[in-house]
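Every letter in the sequence shown is one number past the one before it in UniProt numbering, and letter 323, counting from 1, is 323.
Glycine residues also receive a C-beta, built at the ideal position from the N, C-alpha and C atoms.
Here the structure comes first, spelled out in structure tokens, and everything after it is commentary.
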Amino acid sequence: MVVMVPELNVREEDKNEEGLCPPFWKLFFLSLDFWLPKSWMQTKEDKLRELTHVSIHAGSFEVHNSENIVLRNGSETFDSWKKPPLPVYAQFYFFNVTNPEEILRGETPRLEEVGPYTYRELRNKADIQFGDNGTTISAVNNKAYVFERNQSVGDPKVDLIRTLNIPAVTAMEWAQLRFLRELIEALLKAYQQTLFVTHTVDELLWGYKDEILSLISVFKPEISPYFGLYYGKNGTNDGDYVFLTGEDNYLDFTKIVEWNGKTSLDWWTTDKCNMINGTDGDSFHPLINKDEILYVFPSEFCRSVYITFSDFESVQGLPAFRYKVPGEVLANTSDNAGFCIPKGNCLGSGVLNISICKNGAPIILSFPHFYQADERFVSAIDGMHPNKDYHETFVDINPLTGIILRAAKRIQINVYVRKFDDFVETGSIRTMVFPVMYINESVLIDKETASRLKSVINTTLIITNIPYIIMALGVLFGLIFTWLACRGQGSMDEGTADERAPLIRT
1 MVVMVPELNV REEDKNEEGL CPPFWKLFFL SLDFWLPKSW MQTKEDKLRE LTHVSIHAGS
61 FEVHNSENIV LRNGSETFDS WKKPPLPVYA QFYFFNVTNP EEILRGETPR LEEVGPYTYR
121 ELRNKADIQF GDNGTTISAV NNKAYVFERN QSVGDPKVDL IRTLNIPAVT AMEWAQLRFL
181 RELIEALLKA YQQTLFVTHT VDELLWGYKD EILSLISVFK PEISPYFGLY YGKNGTNDGD
241 YVFLTGEDNY LDFTKIVEWN GKTSLDWWTT DKCNMINGTD GDSFHPLINK DEILYVFPSE
301 FCRSVYITFS DFESVQGLPA FRYKVPGEVL ANTSDNAGFC IPKGNCLGSG VLNISICKNG
361 APIILSFPHF YQADERFVSA IDGMHPNKDY HETFVDINPL TGIILRAAKR IQINVYVRKF
421 DDFVETGSIR TMVFPVMYIN ESVLIDKETA SRLKSVINTT LIITNIPYII MALGVLFGLI
481 FTWLACRGQG SMDEGTADER APLIRT
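Shown next, in the form of structure tokens:
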């Protein structure tokens with residue numbers, strides 16, 4: 001008797017159809033099913049929202065679930081929002097007038113830039129109150145300035161600047177109102193006011209008592225007798241804010257819903273232009289997509305502005321999205337027609353008339369040296385040299401956390417000046433937008449804070465990428481298993497005649 005090992009009953013067509021090894025795609029999806037739970041088959045952004053979130057506000061770090069991305073009393077996020085630890089510096093640059101007599105004869109102004117005069121900004125939020133259900137929080141933004149001599153070109157209490165007599169020019173504009181004309185004409189003659197004056201940097205910034213304003217304030221108490229470009233802004237705040245805490249949606253983190261008791265502005269001629277959009281610029285929501293537009297409301301601009309993605313940056317070794325103010329924000333377009341005051345009176349691209357929110361003072365805002373403005377504004381002044389590197393407003397944001405890593409907000413203050421037939425003080429001056437001063441507010445994350453932030457981000461990314469690591473391992477194990485199975489099957493089909501002979505012979 002011969003005992004034979006039975007042969008496998010495999011049809012030839014089955015061999016050809018299936019091959020010696022299981023199809024790769026079956027093993028691939030098998031490995032995915034085994035190693036990767038269905039809840040992990042999401043986008044990286046979705047998983048990041050569910051798994052973890054790094055709430056880091058200006059140097060304070062917490063790793064917690066996305067449901068805790070809110071301003072809550074006692075949290076590190078709240079403490080850093082209340083008192084940002086990163087230093088902010090304000091650099092003031094003045095334009096000194098070198099040819100006042102020639103300007104009055106109608107010649108081109110020649111201006112000389114003097115600066116910077118650098119101040120450390122001390123910021124904190126005060127009068128904080130939480131609203132119902134913790135969805136809103138009210139506060140004021142306090143701001144104070146401390147002079148930094150070692151970062152400045154001189155002493156602001158000593159250095160003199162010749163510039164436009166802004167109170168006089170403002171009074172001339174007010175004089176276009178009939179009931180004030182005779183009074184202002186008499187005051188200008190009595191005090192022998194000229195179109196150009198000389199004051200110290202300190203006086204021009206923080207204020208001095210003006211003779212004309214002092215007398216006008218007697219008849220109009222709402223007019224201060226003092227004038228300064230930043231008068232009343234040192235050690236004070238810019239109004240009452242109500243912010244969203246992010247309780248309902250992390251995308252609403254620190255968005256402004258009210259300013260000075262209003263949900264919208266009333267200076268401009270369209271509802272869209274009067275909208276209060278975005279944050280105050282000190283913070284942004286986490287998980288920023290480079291395709292989204294971010295909004296900010298800088299109160300000194302008297303309007304909301306938007307910023308758009310420009311480029312990828314690296315700040316102290318941290319990845320960042322660079323956002324900047326595009327030229328369209330101040331462009332002379334139909335979208336911006338509501339900012340033309342009076343209605344239909346548009347000065348041109350690159351400038352913004354904010355006289356309506358400055359008690360009628362003919363203040364015009366632009367970017368420094370008329371960057372992004374019409375060429376006619378640049379060519380009208382000798383001394384304007386717009387340069388993107390020095391005059392662009394931008395912010396570098398870490399997209400995962402929404403933390404500002406580096407930023408520069410640059411705004412120029414100008415005065416609209418023209419010849420008045422009733423006022424000999426204006427001579428034959430050309431009608432123009434006359435530069436007075438610009439400010440560069442900047443912040444940069446320090447190396448120590450950046451190192452801590454980098455460590456937390458790396459930890460978060462490792463946690464976030466665990467599903468993808470496991471998926472990759474699953475695919476790898478599947479490939480190895482396939483290879484071993486094929487190799488083993490191939491070995492079974494090979495062998496000598498003796499190896500295939502019966503094990504027991506009789």
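Margin query: Using C-beta distances below 7 Å, list every residue in its chain close to Thr194, excluding the 5 sequence neighbours before and after it, in chain order.
Written below: Excluding sequence positions up to five before and after Thr194, its CB lies within less than 7 Å of the CB of Asn165 and Glu425, all in the same chain and listed in chain order.
Next item on the list: Put Val201 into one of helix, strand or coil per three-state DSSP.
Entry: Assigned with DSSP and collapsed to three states, Val201 falls in helix.
Checklist line | Selection from Phe78, Tyr371 and Asn99 that minimises the alpha carbon distance to Glu392 | finding: Ranking the options by Cα distance to Glu392, first place goes to Tyr371.
Next item on the list: Give me the Cβ distance between Phe377 and Gly348, rounded to the nearest whole Å; I'm assuming they're in contact under 8 Å.
Entry: Confirmed, Cβ separation roughly 7 Å.
Margin query: Using a 10 Å radius around the Cβ and a threshold of 16 neighbouring Cβ atoms, would you call Tyr191 buried or exposed?
Written below: Per the 10 Å Cβ criterion, exposed.
Check: In chain order, which continuous runs of the beta strand (DSSP E) of length 3 or greater are located wholly inside the stretch 73-129?
Finding: For the stretch 73-129, whole beta strand (DSSP E) runs of length 3 or above, ordered along the chain, are 88-97.
Next item on the list: Give the secondary structure of Tyr231 by DSSP, where H, G and I count as helix, E and B as strand, and everything else as coil.
Entry: Three-state DSSP puts Tyr231 in coil, outside helix and strand.
Notebook entry, point to check: Going by C-alpha distance, which of Lys358, Gly360 and Phe253 is nearest Thr401?
Noted result: Relative to the Cα of Thr401, the nearest Cα in the group Lys358, Gly360 and Phe253 belongs to Phe253.
Note to self: Comparing C-alpha positions only, which one of Val415, Asn336, Asp248 and Asp282 sits nearest to Thr135?
What the structure shows: Selected option, being the one with the closest Cα: Asp248.
Next item on the list: Have a look at Gly338 and His385 and give me their C-alpha separation to the nearest angstrom.
Entry: Using only the alpha carbons, I get a separation of about 29 Å.
Next item on the list: Name the two residues that bound the continuous alpha helix (DSSP H) containing Val424.
Entry: Judged by DSSP secondary structure, Val424 falls outside any alpha helix (DSSP H); it is assigned neither H nor E.
Note to self: Please confirm whether Glu182 has its beta-carbon closer than 8 Å to some beta-carbon of chain D.
What the structure shows: No chain D appears in this structure, which consists of one protein chain only.
Item checked: Distance, Arg303 Cα to Pro399 Cα -> In this model, Pro399 and Arg303 are separated by some 25 Å (Cα to Cα).
Notebook entry, point to check: Hey, would you say Lys125 sits closer than 8 Å to Trp81, going by beta carbons?
Noted result: Against a cut-off of 8 Å, the Cβ pair of Trp81 and Lys125 comes out as a contact.
Check: For Ser428, is the classification buried or exposed, using 16 other Cβ atoms within 10 angstroms of its Cβ as the cut-off for buried?
Finding: The residue in question, Ser428, is exposed, as its Cβ has fewer than 16 Cβ neighbours within 10 Å.
Checklist line | alpha helix (DSSP H) runs contained entirely in the stretch 253-300, provided each spans 4 or more residues | finding: With a minimum length of 4 residues, no continuous alpha helix (DSSP H) run stays inside the stretch 253-300.
Next item on the list: Could you check what DSSP says for residue 536 in three-state terms: helix, strand or coil?
Entry: What is shown of the chain runs 1 to 506, which leaves residue 536 out entirely.
Next item on the list: Leaving out five residues on either side along the sequence, give the residues of the same chain with a beta carbon under 8 Å from the beta carbon of Asn414.
Entry: Within the same chain, Asn414 has close Cβ partners Val351, Ile363, Ile364, Leu365, Ser366, Val433, Phe434, Pro435 and Val436.
Next item on the list: Can you give me the start and stop residues for the beta strand (DSSP E) that Tyr438 sits inside?
Entry: Looking at the DSSP string, the run of the beta strand (DSSP E) that includes Tyr438 is Met432 to Leu444.
Checklist line | DSSP state of Pro225 mapped onto helix, strand, coil | finding: In this structure, Pro225 counts as coil in the three-state DSSP scheme.
Next item on the list: In angstroms with no decimal places, state the Cα-to-Cα distance between Ala407 and Glu441.
Entry: Answer to the nearest angstrom: the Cα atoms are 8 Å apart.
Check: What three-state label does DSSP hand residue 512 in the structure shown?
Finding: A query on residue 512 cannot be resolved here, the shown segment of the chain reaching from 1 to 506 and no further.
Checklist line | Which listed residue (Ile212, Tyr323, Tyr438 and His369) has its alpha carbon closest to that of Ile403 | finding: Residue Tyr323 holds the alpha-carbon nearest to the alpha-carbon of Ile403 among Ile212, Tyr323, Tyr438 and His369.
Next item on the list: Could you please give me the residues that DSSP links to Thr308 through a beta bridge?
Entry: As DSSP reads the structure, Thr308 sits in a beta bridge with Lys324.
Note to self: Suppose you measure from the CA of Asp202 to the CA of Leu111; what does that come to, to the nearest Å?
What the structure shows: Each residue's Cα considered, the two are about 19 Å apart.
Next item on the list: Could you tell me the boundaries of the alpha helix (DSSP H) in which Asp389 lies?
Entry: It spans Lys388 to His391 - the alpha helix (DSSP H) in which Asp389 sits, taken as one unbroken run.
Note to self: With distance defined between alpha-carbon atoms, name the residue in Asn141, Ala171 and Tyr119 nearest to residue 508.
What the structure shows: Here the chain comprises residues numbered 1 to 506, so residue 508 is not present and cannot be evaluated.
Next item on the list: Taking only the alpha-carbon atoms, compute the straight-line gap between Ile137 and Ser264 and give it to the nearest angstrom.
Entry: The alpha-carbon separation between Ile137 and Ser264 amounts to approximately 18 Å.
Check: What is the residue span of the beta strand (DSSP E) that residue 509 lies within?
Finding: The chain is shown from 1 up to 506; residue 509 falls before or after that span and cannot be answered.
Next item on the list: For Arg406, write down the residues that DSSP places opposite it in a beta bridge.
Entry: Note: Arg406 sits in a beta bridge opposite Asp396 and Leu444.
Checklist line | Cα-Cα separation between Ser314 and Ser299, rounded to whole angstroms | finding: Going from the Cα of Ser314 to the Cα of Ser299 covers about 29 Å.
Notebook entry, point to check: With a CB to CB cut of under 7 Å and the five nearest residues on each side skipped, what residues in its chain are close to Asp282?
Noted result: Closer than 7 Å at Cβ, skipping near neighbours: Pro84.
Item checked: Other residues of its chain near Pro156: CB distance less than 6 Å, five sequence neighbours each side excluded -> Closer than 6 Å at Cβ, skipping near neighbours: Tyr117, Val201 and Asp202.
Notebook entry, point to check: If you compare alpha carbons, which of Pro326, Ile341, Val325 and Phe423 is closest to Leu104?
Noted result: Comparing Cα positions, the closest option is Phe423.
Item checked: Inter-residue Cα distance where the pair is Val257 and Thr245 -> Distance from the CA atom of Val257 to the CA atom of Thr245, rounded to whole angstroms, is 11 Å.
Note to self: Taking 8 Å as the limit between beta carbons, can you name the residues of its chain near Gly106, skipping five residues before and five after?
What the structure shows: Closer than 8 Å at Cβ, skipping near neighbours: Gly427, Ser428, Ile429 and Arg430.
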